[in-house]
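Positions 1 to 1078 (full-length UniProt numbering) are the ones given, in order, by the sequence shown.
Structure, as structure tokens:
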Amino acid sequence: MSDVDHGAKETRRGWSAPSVWARTDSFGRNSVKQLIVPASTFQRVVGVDGRLQVGNNYGRWPAATPDSPLSRDLLWAQLPLGAQADDVVSRATWNVPVTVPRVAPAEVTERYRDAIGFTEGGPETPGLRSPQLGALHAVLGYWTTKRMTPATVVMPTGTGKTETMLALLVAARPERLLVLVPSDSLREQVAAKFETLGVLQELGIVSASALRPTVGRLLHGFTATETATAFAQACNVIVATPSALNACATDALEAFLGACSHLFIDEAHHVAARTWSEVRQAFDQKPVVQFTATPFREDGKHLQGRSIYSFPLREAQAQGYFSSINYTAVIDFDDVDQALAQQSVARLRTDLAAGHDHVLMARVRGIDRAKAILPLYEAIAPDLAPVIINSQMPKVHQRDALKALHERTSRIIVCVNMLGEGFDLPALKIAAVHDPQKSLGVTLQFIGRFARTSTSGSFGEASMFVARTEIEADKRLRELYAEDSDWNLILRNLTEAAVEEQQAVSDFEEGFTSLPEEVTLRSLLPKMSTVVYRAPSKRWEPQHIVDFFGEENLLTSPIGLNADAGVGWCVVERRTEVRWGDLKTIEEVSYQLYVLYFDRDHQLLYINNSANDGVFEDLAAAVLGPGAERFTGSTVYRVMADIERLVPTNVGVLDAHDQFRRFSMHVGSDVTASFSQAEAGTKSQTNISGGGYRNGEHVSISASLKGRIWSHATATSLKHWRDWCDTIGEKLLDDTISIDKVIGQFILPESLTGRPEGVLLAAEWPWLLHTLQADHVRLSYQEKIHEAVYTDLVPDTESTTGPFRFTVKTGSWQVTYEATVERGRLRYRCTGEEEITVVRPRSELPLSDWLNDNGLLLILDDDRIIEGDLLYKPTWDRPPFDPSQLTPLDWAGTTLTVESQTMDKLADSIQFRAIADLKAETEPWDIIIDDDGNGEIADVVALRLDHEGLLIRLVHCKYSRGVAPGARVADLYEVCGQAQKSIIWRRSDLRPFFRALEARARQKQRRTGVSPFEVGDIKKLYELQDKALVLRRRMEMVIVQPGLSASKATTQQLDLLASTQAYLKTTINAPLAVWCSG
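Written out as structure tokens, the structure reads:
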């Protein structure tokens, strides 16, 4: 299907003539071209005032026969001898003068007056498609408002975005249009379209009187201002890439952009790039239109600008512009690349057998991957001649590969981030995605390459085969790549949801009835900070902001104001004496942003100031009137409510009696002193910053007695800041929150003066290792290398004093280490015969050095932890462990000293029995995995979906130190440590958990040849991980220790269990179960 609707056309015999171009000029190696006569067919000779002419939808030109020629200095059609008016001729040539001059850009623009018909095409009538016509009207209508906010037009792939630009060129008649595109290939494609006006004249949408524009391609940067200006003035349209603009000298670029009157941005989701944004800002007071097939910007931020038109994807599919997509998630536990290649090639053969002229593209992330994947296709389909293409290949080899595709001597191409925007091959209908993209915007653009429809060949529906090898970070991608997803539905939903989100921000920004010219709204990125006032009424007077600061002190006039949203902002100029000298002739000038938000429903005023240096009582009074009350004192600490295991990071203390040390700031372990001083009766905390857990998620917040509340985040927009303020206000107004309880729940860190007495229950690698690729930090010992996260840190639970001792253990080796406290810091050293080496991508060093730089998290008994050389111990009274919560089991047939079932599935092992009990539960588990091994998440991991969401149960087994159950506390030390250590897998979202679980399962099967799945399989695991991050997640811990006797449990054992239970409850809200003996 072409880019507009053809309707019915009469076909007549005629003659074809080649194109005729005007003189091509170059300005600094940048060409300027104008097409005078497009290559086309002329059906009939026309007589006008006794003179012959030829004509069609592109125009009319003089014609003559050999016996009556025209001047050789003119452009005319030479007809066969004897031709006359109303003849249909079959052959002719052009008389082309030595030089064909270009038509002046102004004359071209004038010829566009009333040259386009606003007609919607149909089966019988050629015309614009409905999305093109809608976008054309939307842009022209928007421009009548004289608003210079960039207009965003969303048109799905295949609806004719470029033809819409051409229609706007003719309808709006811009003096000089700059079209910004992201790549060289797209520059060539778009420029070629503008040179011919696409199919608009061919179908009669644009009249024959219109001339083709003079089009410039900016390939190289300008150094001279004069050359840049001359190039621009020679053109009607200039097509450029950001890289070409970036190559211009500053003055030359400024002159060039200044000569352009309008800006079109194609593929606008790229606009986050610095050069793109700078160019758009240069058009701040000129018309700008952003065209995109997807409203998702690559960096995830708001596209900015005003969304004025969005054609729904569902309509594009219904009207046949965007084909249906057959999606297959390829999941294979052994070799997903091989399975993906086989399935996609099988679909290609099926399509070819059905008469479809299809081509397959295999997408990989890098050149090395492409080289590894190509042999798979060569082995599976040698008759389809697979080829490879990447940007580092010589150009001639790239051309050869593309030629093979176009000529169909090859049907398969392995590609590295090419053949995307700007590549047009309708036969590209099958995608084998070995390495999925991580950005939704790029993914949707990629899909669009395959979903284009065309009437120029025999093409069927698009097919996408995607390898599922890891969990996607973007929840929208998880939904898209789910095994049973309906892409035709999900693509519509994702696109429409994105449009709605963009529209919400656009509506908020559009709600500003006044905006200054000096600073753009979209450039504002306030810190998450505020002072809050209670208003005496539901009325505020934001216009009084001007009177308060004085118009002469405002950089921005008028102030920005959105009355409906209750938001106003301004930038104030401050002049002060310089601080480095006594000078009267020089002033220090600074600019401060003020943002005010009035929540009318709750009568709250929020004030944000970029300098964070005041409480703004006079400003609040100016806009609210008398009676405004600032939230101050301990009330502000309500914002810290519901945060568990709250740890202060810094605390300010005011001493009412000590005039020499009135205020002090405390950080690290020193915060403990700030709390004890405050309890002395003469001191109080003036500000507190802290972090902890809320609903199992880590959060941080700060507040001061003066009323300032802040976090260290930066808002992505004013709307983002406004939404954050609403969450703060909800806490401040909650009178049920007890400040004493908030303050009392802080865990106060203590400096290490020596090894704290007690048992080391567990040691844990820094969490950062779990968020990196597994091979980022590897451990090498005696030429055997293991990833650090897949090694065990086994504590010595025998000692309660002296150095902390632990063993770094793998299936190949084990090495002992110890940590001692020296001058308040933990210092690690190897106590084995040979040191382990840490292998990183670019360096190697001894593990002891790495540990001294990075440390470990040490978990002690009595609910204590050591992290960052600080000891953390809760201060609240911990409830005792209720012995009735112990679950005694009958261990007949189980050897209490055999923990692991191993690959032999030992039926008398503790792990085998635990798995059997899980399988026997009334509510079945979707997944049960044997994860036993070094670096395990747990001995057994069980998952299931229920009416509350996703339940994860981590089962930790431990053998008995005696052949019979008893009261040995040593039986619990290590297994309790393992349970407490497991909280890392509930941090933030579950991506690291699923990534590690899958990687360990694959590794275990490769190593043992035995599947670790006791229930379920890899497909079910992917299904759960797809749903995990959009469902409520709960985690349960189970300790399995048959050596513990419920009837003989000692106070020491119960206290250890109580400590573990409290730690799990407060950090991740996980219950603890204990399976033991009677």
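Every residue, glycine too, gets a C-beta built ideally from N, C-alpha and C.
{"Check": "Terminal residues of the alpha helix (DSSP H) in which residue 404 lies", "Outcome": "395-406"}
{"Check": "Distance, residue 428 Cα to residue 359 Cα", "Outcome": "5 Å"}
{"Check": "Cα-Cα separation between residue 574 and residue 609, rounded to whole angstroms", "Outcome": "13 Å"}
{"Check": "Sequence-distant residues of its chain with Cβ nearer than 6 Å to residue 1071 (five each side left out)", "Outcome": "1036"}
{"Check": "Own chain, CB closer than 7 Å to residue 912, minus 5 neighbours either side, in chain order", "Outcome": "901, 905 and 906"}
{"Check": "Reduced DSSP secondary structure (H/G/I, E/B, other) of residue 325", "Outcome": "strand"}
{"Check": "Option nearest residue 543 by Cα separation, candidates 638, 570, 1005 and 261", "Outcome": "570"}
{"Check": "Continuous alpha helix (DSSP H) assignments of at least 4 residues falling wholly in the segment 108-159", "Outcome": "130-143"}
{"Check": "Buried versus exposed, by CB contacts within 10 Å (16 or more), residue 767", "Outcome": "exposed"}
{"Check": "In DSSP terms, what residue 37 is bridged to", "Outcome": "20"}
{"Check": "Residues sharing a beta bridge with residue 778, DSSP", "Outcome": "787 and 839"}
{"Check": "Residue 888 vs residue 1059 beta-carbon contact at 8 Å", "Outcome": "no"}
{"Check": "Rounded Cβ spacing between residue 32 and residue 234 (contact assumed at less than 8 Å)", "Outcome": "5 Å"}
{"Check": "Span separating the alpha-carbon of residue 1069 from that of residue 639", "Outcome": "20 Å"}
{"Check": "Residue 977 - DSSP class collapsed to helix/strand/coil", "Outcome": "helix"}
{"Check": "Residue range of the unbroken alpha helix (DSSP H) whose run includes residue 200", "Outcome": "Here residue 200 belongs to no alpha helix (DSSP H), and DSSP marks it neither H nor E."}
{"Check": "Cβ neighbour criterion (16 or more within 10 Å) applied to residue 731", "Outcome": "buried"}
{"Check": "Member of 643, 718 and 426 whose CA lies at the smallest distance from the CA of residue 692", "Outcome": "643"}
{"Check": "Three-state secondary structure assigned by DSSP to residue 616", "Outcome": "coil"}
{"Check": "Coil, strand or helix - residue 725 by DSSP", "Outcome": "helix"}
{"Check": "Three CB pairs or more closer than 8 Å across the segment 238-258 and the segment 177-192", "Outcome": "yes"}
{"Check": "Cβ shell of residue 335 (< 8 Å), same chain only, five flanking positions each side left out", "Outcome": "none"}
{"Check": "Bridge-paired residues (DSSP) for residue 290", "Outcome": "152 and 265"}
{"Check": "Residue of 69, 74 and 73 minimising C-alpha distance to residue 80", "Outcome": "69"}
{"Check": "Whether residue 22 touches residue 100 by CB criterion (8 Å)", "Outcome": "yes"}
{"Check": "Bounding residues of the alpha helix (DSSP H) (the contiguous stretch that carries residue 849)", "Outcome": "847-854"}
{"Check": "From 981, 922, 949 and 993, residue whose alpha carbon lies closest to that of residue 860", "Outcome": "981"}
{"Check": "Per-residue burial, residue 947 [other beta carbons within 10 Å of its own, 16 or more giving buried]", "Outcome": "exposed"}
{"Check": "At least 3 beta-carbon pairs within less than 8 Å: the segment 832-848 vs the segment 718-734", "Outcome": "no"}
{"Check": "Delimiting residues of the alpha helix (DSSP H) encompassing residue 602", "Outcome": "Looking at the DSSP string, residue 602 is not in any alpha helix (DSSP H), and its letter there is neither H nor E."}
{"Check": "Option in 886, 1015, 1033 and 1025 with minimal Cα separation from residue 950", "Outcome": "1033"}
{"Check": "When 291, 208, 798 and 232 are compared against residue 216, the one with the closest alpha-carbon", "Outcome": "232"}
{"Check": "Beta-carbon contacts of residue 435 that lie in its chain and below 6 Å, excluding the five residues immediately before and after", "Outcome": "364 and 365"}
{"Check": "First through last residue of the alpha helix (DSSP H) which encompasses residue 375", "Outcome": "367-380"}
{"Check": "Whole-number beta carbon distance between residue 401 and residue 416, since they are thought to touch under 8 Å", "Outcome": "Not quite, the Cβ-Cβ distance comes to about 12 Å (not below 8 Å), so this is no contact."}
{"Check": "Residue(s) in a DSSP beta bridge with residue 688", "Outcome": "651 and 703"}
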